[in-house]
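Novice:
Numbering (full-length UniProt numbering), first residue to last: 1 to 301.
(1) Under three-state DSSP, which class holds residue 155?
(2) Between the beta-carbon of residue 212 and the beta-carbon of residue 74, is there less than 8 Å?
(3) Who are the near neighbours of residue 245 in its chain, counting only those whose CB is closer than 6 Å to its CB and skipping five residues on each side?
(4) Nearest CA to the CA of residue 114: which residue from 104, 94, 105?
(5) Looking at the secondary structure, which residues open and close the beta strand (DSSP E) in which residue 279 lies?
(6) Tell me whether residue 68 is buried or exposed, calling it buried when 16 or more other Cβ atoms sit within 10 Å of its Cβ.
(7) According to DSSP, residue 247 sits in a beta bridge with which residue or residues?
(8) In angstroms with no decimal places, state the Cα-to-Cα distance between residue 50 and residue 44.
(9) So if DSSP puts residue 43 in a beta bridge, which residue, or which two residues, is it bridged to?
(10) Residue 203: which of 187, 185, 228 sits nearest, CA to CA?
(11) What residue does the alpha helix (DSSP H) around residue 226 start on, and which one ends it?
(12) In terms of alpha-carbon separation, which member of 62, 174, 157 lies closest to residue 139?
(13) Once DSSP output is grouped into helix, strand and coil, what is the label at residue 75?
(14) Could you check what DSSP says for residue 60 in three-state terms: helix, strand or coil?
(15) Would you report the Cα separation of residue 238 and residue 136, rounded to the nearest angstrom?
(16) Cβ atoms of residue 124 and residue 172: under 8 Å apart, would you say?
(17) For residue 109, which three-state DSSP category applies?
(18) For residue 148, tell me which candidate among 116, 269, 77 has the shortest Cα-Cα distance.
(19) Answer with buried or exposed for residue 126, where buried requires no fewer than 16 other C-beta atoms within 10 angstroms of its C-beta.
(20) Following the continuous beta strand (DSSP E) through residue 197, name the residue where it begins and the one where it ends.
(21) Have a look at 133, 145, 166 and flag the residue whose alpha-carbon is nearest the alpha-carbon of residue 281.
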């Protein structure tokens, strides 16, 4: 007796079978015409300006299906600067810069390079914390049956690399959502290859960051980090997404670059809005706050 297979749920041929059958057509001027191609095999058609809505839909659909296939149930989003190096690299760069300055003590550029490398070394502890945080989360929340609280990053270097690396340290999967930019680096080497996605549209990438998100952990960063942080806070504030823990690593950095109290004093945000996020300094503190948030929800339900 025939044992049903996964594709036996439908009597229709697969799209691949249909495309293969269409390709068997004899060669004539008509069949060689672009107009004769099946629409879904016609790349030129899919690239037309009028097909942009289709491309938007595909960019939403493809990662979603892959995440389902990989059994990703929920995620924790980690944002932060691509320019924060790991401590070992930062230390080597400082040594090299100091040697260059010693060879040319009157060179102002050499002196400036030392200062830049020294500041980079100071910031590199955030790399270590991001890596440790991802390791803690991934070790406790992933097993053979369940993939919960999977680390997801923007796929690049710096803090993003650190978080994906922490998951890889404990043989856990992690996600990278890269995007095509003029000077974008390749995806970092620690992303699970089957979960390394590339986007063209920022809007669809932003949706995938938050669709499964259970927490947002934000390290010091620049425009991109600020963009994602404030968009998430706005979505929570306006109840477009469910409340979740939003944690800012490094109070000193955040209070230096953003005057949250001034926003309240100017009346552009309310005092209650400042409760949408909290400051943390260590990986353990961030993880304990996430656990406390969901333990409280379990108690309420």
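A virtual CB, placed ideally from N, CA and C, is assigned to each residue, including glycine. Everything numeric in this text was worked out from a predicted model, so none of it was measured.
Specialist: Looking at the atomic coordinates:
(1) Of the three classes helix, strand and coil, the one that applies to residue 155 here is coil, per DSSP.
(2) Their beta carbons are under 8 Å apart, which means residue 212 touches residue 74 by this criterion.
(3) Hits under 6 Å: 215, 289, 290, 293.
(4) The residue from 104, 94, 105 with its alpha-carbon nearest to that of residue 114 is 94.
(5) First-last of the beta strand (DSSP E) with residue 279: 278-280.
(6) Classification for residue 68: exposed.
(7) DSSP output for residue 247 lists 217, 278 as bridge partner(s).
(8) Cα to Cα, the separation comes out at about 11 Å.
(9) Residue 43 is not bridged to any residue.
(10) Minimum Cα-Cα distance from residue 203 among the listed residues 187, 185, 228 corresponds to 228.
(11) 223-237 is the span of the alpha helix (DSSP H), which, as asked, contains residue 226.
(12) The shortest Cα separation from residue 139 among 62, 174, 157 belongs to 174.
(13) Strand at residue 75.
(14) DSSP places residue 60 in the helix class (H, G or I) of the three-state scheme.
(15) Roughly 31 Å between the two C-alpha positions.
(16) No, the pair does not count as a contact, with Cβ atoms beyond the cut-off.
(17) The answer is helix: DSSP assigns residue 109 an H, G or I state.
(18) The residue with the shortest Cα to Cα distance from residue 148 is 77.
(19) That one is buried.
(20) The continuous beta strand (DSSP E) containing residue 197 extends over residues 196-199.
(21) For residue 281, the nearest C-alpha among the options comes from 133.
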